[in-house]
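Peer 1: There's a structure below that I have some questions on.
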Amino acid sequence: MPGGILSFDGVPQPSLADPPWPVVRRVTCGQGWLSRRCHALSPAAVAAADAATVEADLLAVHSLFRAHCRWIRDWAMRCGRPYWVVPHGCLDPAGLARRSLLKRLWMTRDGGPLFADSDAVIFATRREMAKAAQWLPGITSTPSGQGRGARGVIIPWPVEVPSLVGAEVAYAALRTRLRIDAEEKILLWVGRFHEAKRPLQAIQAFAAAKPSHCHMVIVGVDETLTRADIQRAIPERLTSHVHVLGELRGAALAEVWLAADGYISLSEKENFGYSAADALAHGVPVILSCGHDLAHDLPGAGEGRSAYGWVLPDDRLSSAVQAINEWGETVARCGIMSTSLSSVRESTRAWVAEKLSFERFHESLRDLTASSLSRSQGRSHRRTRF
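Now the structure itself:
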């Protein structure tokens, strides 16, 4: 969108020299303890935010539970202009269960008015919106959005559909680097090393399944867990079959995606799940926990399967083990590089290109912008800047 970013920062941030587009305008919330944590805005911060948005036609507020949410509603009421709310999973019951009392108080005081007066609340998946409905009883997905109550809109986040040119070269190169046979199959895990992503449970499930002629490759960045923690979790008998590569970017990560025969994530919750979307964009069969909201939007999702892999019915180890064994049997018979699975791969990629493309994302935002501006009363239709 032809706009900039207004960043509410708890502490002063250095100015960026010649910042790339989009322009980021920073507002320091204030000096007090609450302001340093962005729970309150000083009068100076409010004045700076107002000045930065004086020509804005529309604002989109991201995430919840901070003072910028109250400011954006006040701004809209004063200026007579529309705004969107993008919760980014903040209304997931699992997230609301943490510090639940404070969050419930915020929802009562600030959240209800924020959502009720917004022009749209944007979710990445149908399931994310469904889980939020219990906290937004007035939510509606009808285009008109008549009456008081949040208007829910589903706009999946976009991903690139990469070229598969060079897949056979990457397929062989990774196996050579890992010193495994060319016919060995690879189950890939990509994500942050965090307990909520459950990388240790994925290793445990792979160890329990131990599919024949299969290896597990783990790519990730340290967070609450480290690469050393992941390495220590590998049973000694499987040290030659589970490979922890750590953080990869750019061409190195692209090579791993092209070389994979399957992808697994047992994450507690993913309100979208970019790694899973990347796997689908590569046409790789996926094994996804029931916490993946995007998985429930896949064609044929249900009863532990989808058209593009496995959607686990629960978080039990046995369910993951069964799916890994079924995946192992499938790739052992065919192999992701064989013609027998090429139609599934192309079908998967076509679904991503249709549902998750940047073109689709752009079109959805453009249409929503036009709708929001047309619904806004008492103002001219100027170019959207924020």
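Per my numbering, residue 23 is the first one in the sequence shown, and the count goes up by one each step.
Where a beta carbon is used, it is the ideal one built from N, C-alpha and C, also for glycine.
Note that the coordinates shown come from a computational prediction; the quantities given were computed from them, not determined experimentally.
Report the option in Glu182, Glu206, Pro184 whose CA atom is closest to the CA atom of Tyr193.
Peer 2: Checked all of Glu182, Glu206, Pro184; the closest Cα to Tyr193 is Glu206.
Peer 1: Quick one: using the 10 Å Cβ neighbour count with 16 as the cut-off for buried, is Ser262 buried or exposed?
Peer 2: exposed
Peer 1: Taking the alpha-carbon positions, what's the Trp373 to His314 distance?
Peer 2: Computed Cα separation, rounded: 17 Å.
Peer 1: Output yes or no for whether 7 Å exceeds the beta carbon distance between Val343 and Ala230.
Peer 2: yes
Peer 1: Who pairs with Met238 in a beta bridge, going by DSSP?
Peer 2: DSSP lists Leu209, Val264 as partners of Met238.
Peer 1: Where DSSP assigns a beta bridge to Ala142, which residues make up the other side?
Peer 2: Answer is Trp106.
Peer 1: What do you get for Pro198, buried or exposed, if any count of 16 or more other CB atoms within 10 angstroms of its CB means buried?
Peer 2: Strictly speaking, residue 198 in this sequence is Thr, with Pro absent from that position. Classification for Thr198: exposed.
Peer 1: Do Ala89 and Ala62 come within 7 Å of each other at the CB atom, strictly closer than that value?
Peer 2: yes
Peer 1: Can you list, in chain order, the residues of its chain with a C-beta nearer than 7 Å to that of Ile256? Leave out the 5 residues immediately preceding and following it.
Peer 2: Take Ile256, set aside five residues on each side of it, and the residues of its chain with a beta-carbon closer than 7 Å to its own are Ile225, Val264, in chain order.
Peer 1: Which residues does DSSP list as the beta-bridge partners of Thr370?
Peer 2: The partner list for Thr370 (beta bridge, DSSP) is empty, contrary to what the question assumes.
Peer 1: How about Val278 and Leu310: are their beta carbons less than 7 Å apart?
Peer 2: Not in contact: Val278 and Leu310 (Cβ atoms no closer than 7 Å).
Peer 1: Which same chain residues, not among the five before or five after Ala298, have their C-beta less than 8 Å away from its C-beta?
Peer 2: Within the same chain, Ala298 has close Cβ partners Tyr285, Ser287, Glu292, Val308, Leu310, His314, Leu316, Ala317.
Peer 1: Could you say if the segment 374-389 and the segment 233-251 meet the contact criterion of at least three C-beta pairs nearer than 8 Å?
Peer 2: no
Peer 1: Can you give me the start and stop residues for the alpha helix (DSSP H) that Arg388 sits inside?
Peer 2: 380-397
Peer 1: For Trp43, does the three-state DSSP call read helix, strand or coil?
Peer 2: coil
Peer 1: Quick one: Cα of Ser341 to Cα of Val76, how far?
Peer 2: 54 Å
Peer 1: Could you give the DSSP three-state label for Phe12: helix, strand or coil?
Peer 2: In the structure displayed, the chain extends from 23 to 408; residue 12 sits before or after that span and is not available.
Peer 1: Apart from the five residues on each side of it in sequence, which residues of its chain come closer than 6 Å, Cβ to Cβ, to Ala329?
Peer 2: Pro321, Gly322
Peer 1: Taking the C-alpha atoms as reference points, what is the distance between Glu258 and Leu196?
Peer 2: The straight-line gap from Cα to Cα measures roughly 22 Å.
Peer 1: Count the other CB atoms, across all protein chains shown, that sit within 10 Å of the CB of Ile252; report buried if there are 16 or more and exposed otherwise.
Peer 2: buried
Peer 1: Starting from Leu310, trace the beta strand (DSSP E) both ways and give me its first and last residue.
Peer 2: 308-310
Peer 1: Could you tell me the distance, in whole angstroms, from the CA atom of Arg92 to the CA atom of Arg327?
Peer 2: 43 Å
Peer 1: Under a Cβ-count criterion, where at least 16 other Cβ atoms within 10 Å of its own Cβ denotes burial, should Ile27 be classed as buried or exposed?
Peer 2: exposed
Peer 1: List the whole-angstrom C-beta distance separating His304 from Pro184, where the pair is believed to meet the contact cut-off of C-beta under 8 Å.
Peer 2: 6 Å
Peer 1: For Gly174, which of helix, strand or coil comes out of DSSP?
Peer 2: strand
Peer 1: Shorter than 6 Å, the distance from the beta carbon of Ala276 to the closest heavy atom of the ligand FMN, or not?
Peer 2: Within the structure as shown, the ligand FMN is missing, as the structure has no ligands at all.
Peer 1: Taking the beta strand (DSSP E) that Tyr330 belongs to, which residues open and close that run?
Peer 2: Run containing Tyr330: none; DSSP gives neither H nor E here.
Peer 1: Would DSSP call Arg48 helix, strand or coil?
Peer 2: Looking at Arg48 - three-state DSSP - the assignment turns out to be strand.
Peer 1: Output needed for Asp319: all residues of its chain with C-beta closer than 8 Å, excluding positions within five of it in sequence on either side, in chain order.
Peer 2: Thr147, Arg148, Arg149, Pro178, Lys377
Peer 1: Just to confirm my understanding: we take Ala189, look at its own chain, exclude 5 residues before and 5 after, and list those with CB closer than 6 Å. What are they?
Peer 2: For Ala189, where only same-chain residues beyond five positions count, the Cβ hits under 6 Å are Leu280.
Peer 1: Given a threshold of 16 other Cβ atoms within 10 Å of its Cβ, counted over all protein chains shown, does Trp55 qualify as buried or as exposed?
Peer 2: In the assembly as shown, Trp55 is an exposed residue. Its beta-carbon has fewer than 16 other beta-carbons within 10 Å.
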